[in-house]
Amino acid sequence: MKKIHELPERTEIPLLERNINMSNSVARAAQGLTLVEKRIIAIGLAKTDSVPVKDLFLASREGWKIRFSAAEYAETFEVSHDAAYLQMKQAGDYFLRRQVRQIVETPKGKIETISNWLSGTTYHHGEGWVEVRFSHEVAPYLLGLRKEFTSYKLKQASALRSIYSWRLFECLQSWKNEGRWSPTIEEFNHAMEVPESFKSNFGMMRRRVIDPALKELREKDNMLIDLELKKSGRKIIKLIFTFSRNSQVAMELE
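Residues 14 to 267 (my numbering) make up the sequence shown, in order.
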């Protein structure tokens with residue numbers, strides 16, 4: 014069995030105040046996660062914040078494991094303890110099958126890399142905790158990053174109740190230095206993992222995916238977001254999001 018690193022935790026930093034870091038390529042990629050799985054990944058990443066560099070280096074090579082309780086999950090995402098335990102339990106074996114797909118454009122065409130988020134999970138049903146083991150394939154994209162990475166505090170996403178809202182939030186955060194994200198419709202569908210049934214019906218996709226996500230980010234994360242549609246004839250070919258943080262609440266999120 015491949016060795017996996019156990020990271021020490023900096024307990025003096027409240028979990029909601031910790032940063033979640035990942036490469037831009039992962040933030041913009043199809044992640045294949047449900048909302049509950051996204052929350053578990055987020056806690057796992059938040060628990061790597063501010064750990065010693067030597068441990069991050071080892072974990073980036075070997076993968077790493079993190080343990081957290083149903084109580085921590087409940088407090089972080091404002092759900093009951095029973096709901097927290099049930100959600101963690103329901104993630105179950107399906108979690109091990111979740112993959113992140115990264116696409117890189119090259120002069121000779123696209124290169125697609127597929128990796129599993131996790132190499133294993135352990136649930137302690139008696140004590141109500143879960144241990145997640147991040148795979149060594151995905152670890153380098155999540156730890157020890159110095160450039161081209163997406164970073165945000167866990168509390169900025171913890172109130173979100175839609176996986177589309179969270180994915181849109183991460184995509185926008187990956188372009189926050191520009192304050193603008195302009196994906197083609199195909200790039201947007203890939204990053205947001207839009208259901209096949211919506212792809213041929215933009216009106217349906219806007220009602221079920223885009224507008225609810227924008228509404229939640231504006232209300233819960235206090236983002237100022239505008240959306241412009243680019244057309245070729247009657248067909249939507251590009252979405253242009255311009256965004257910024259509401260200056261009235263920005264200080265609270267620092």
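Positions of the beta carbon are idealized from the N, C-alpha and C atoms, including for glycine.
Quick caveat, the model's predicted, so the values are computed rather than measured.
(message) On the criterion of 16 or more Cβ atoms from any shown chain inside 10 Å, does residue 103 qualify as buried, or is it exposed?
(response) Locating residue 103 in the sequence shown gives position 90, counting from the first residue. So residue 103 ends up on the exposed side.
(request) For my contact list, residue 134 and residue 109 are in at a C-beta cut-off of 8 Å; report their separation, rounded to the angstrom. (result) By 1-based counting over the sequence shown, the position of residue 134 is 121. By 1-based counting over the sequence shown, the position of residue 109 is 96. With 8 Å as the limit, residue 134 and residue 109 qualify as a contact, their Cβ atoms being about 6 Å apart.
(request) Compute the distance between the beta-carbons of residue 178 and residue 233, then report whether it is under 9 Å. (result) Against the sequence shown, residue 178 aligns to sequence position 165. Against the sequence shown, residue 233 aligns to sequence position 220. For residue 178 and residue 233, yes; Cβs fall inside 9 Å.
(request) For the beta strand (DSSP E) containing residue 134, list its first residue and its last residue. (result) Reading the sequence shown from its first residue, position 121 is the one you call residue 134. Element bounds for residue 134: 131-137.
(message) Assuming residue 70 is part of the alpha helix (DSSP H), what are its boundary residues?
(response) By one-based count along the sequence shown, residue 70 stands at place 57. Looking at the DSSP string, the run of the alpha helix (DSSP H) that includes residue 70 is 66-75.
(message) Across the stretch 60-68 and the stretch 28-40, are there enough close Cβ pairs to call them in contact, namely three or more that are closer than 8 Å?
(response) In short, these stretches touch, since the Cβ pair count reaches three.
(request) Output the distance between the C-alpha atoms of residue 92 and residue 73, rounded to the nearest integer angstrom. (result) Position 79 of the sequence shown holds residue 92. Position 60 of the sequence shown holds residue 73. Roughly 32 Å between the two C-alpha positions.
(request) Would you mind stating whether residue 237 and residue 231 have Cβ atoms separated by less than 9 Å? (result) Counted from its first residue, the sequence shown places residue 237 at position 224. Counted from its first residue, the sequence shown places residue 231 at position 218. Taking 9 Å as the Cβ cut-off, residue 237 and residue 231 qualify as a contacting pair.
(message) According to DSSP, is residue 94 part of a helix, a strand, or is it coil?
(response) The sequence position of residue 94 within the sequence shown is 81, counting from 1. Under the three-state reduction of DSSP, residue 94 is assigned to helix.
(request) Consult DSSP for residue 266 and reduce its assignment to one of helix, strand or coil. (result) Here residue 266 is taken as the residue at index 253 of the sequence shown, counted from 1. Model confidence at residue 266 stands at a pLDDT of 47, short of 50, so the residue's coordinates are unreliable; what they give is reported in the following sentence. Residue 266: helix per DSSP, three-state reduction.
(message) At the level of alpha carbons, what is the spacing between residue 82 and residue 249?
(response) Walking along the sequence shown from the start, residue 82 turns up at place 69. Walking along the sequence shown from the start, residue 249 turns up at place 236. Cα-Cα distance, rounded: 45 Å.
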